[in-house]
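*Asks:* Quick one: structure below, then a few questions.
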Amino acid sequence: MSPLHYQALRNLSTWPLNTSPSSQPYFNSFVRYLITAVRTAPPDEKEQYFPLIHSVLQVNREWMSPFPSLFAHLVEELLDSPFVQYALDLIPDVVESLGDAWAPFLPKIVT
40 MSPLHYQALR NLSTWPLNTS PSSQPYFNSF VRYLITAVRT APPDEKEQYF PLIHSVLQVN
100 REWMSPFPSL FAHLVEELLD SPFVQYALDL IPDVVESLGD AWAPFLPKIV T
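This note's numbering puts the first residue of the sequence shown at 40, with every later residue one more than the last.
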């Protein structure tokens, strides 16, 4: 990934914290794009995405409500990869951000 592309993603990962509810559809698109970028990134680039995911998870629960399954699938994939520690580090933020909406995914993740 080019430095400029990463900078754009980094900036976008924090913008929802300071914007109006009318921007939520754009945020939803960005979250989907970010998760896809993490999944498809080459292994030597994947690590740089995790701070961005942590930033996105700081958004209020209402904005995060469409994404429990998206984050569950990401964590599942990461648990079966060399990035298992990153997956474990994401879980507390995911639980805090998604709350009870993420509870149905926990049994599969912890087994």
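Beta carbons: idealized from backbone N, C-alpha and C, even for Gly.
If we call anything under 9 Å between Cβ atoms a contact, is PRO143 one with PRO121?
*Replies:* As a first step, residue 143 must be located in the sequence shown, where it is residue number 104. As a first step, residue 121 must be located in the sequence shown, where it is residue number 82. No. Outside cutoff.
*Asks:* Secondary structure at LEU96, three-state DSSP: helix, strand or coil?
*Replies:* In the sequence shown, the residue the question calls residue 96 occupies position 57. LEU96 falls in the coil class under three-state DSSP.
*Asks:* Using DSSP with H/G/I as helix, E/B as strand and the rest coil, what is ASP119?
*Replies:* Looking up residue 119 in the sequence shown gives position 80. Reduced to three states, the DSSP call for ASP119 is coil.
*Asks:* What does the alpha-carbon distance come out to for the pair PRO81 and SER61?
*Replies:* Counting from 1 along the sequence shown, the entry for residue 81 is found at position 42. Counting from 1 along the sequence shown, the entry for residue 61 is found at position 22. In a straight line, the C-alpha of PRO81 is about 34 Å away from that of SER61.
*Asks:* Per DSSP, what kind of secondary structure is SER52 in: helix, strand or coil?
*Replies:* Taking the first residue of the sequence shown as 1, we reach residue 52 at position 13. It is coil, neither helix nor strand.
*Asks:* Is PRO81 helix, strand or coil by DSSP?
*Replies:* Here residue 81 refers to the residue found at position 42 of the sequence shown. The answer is coil: DSSP assigns PRO81 none of H, G, I, E or B.
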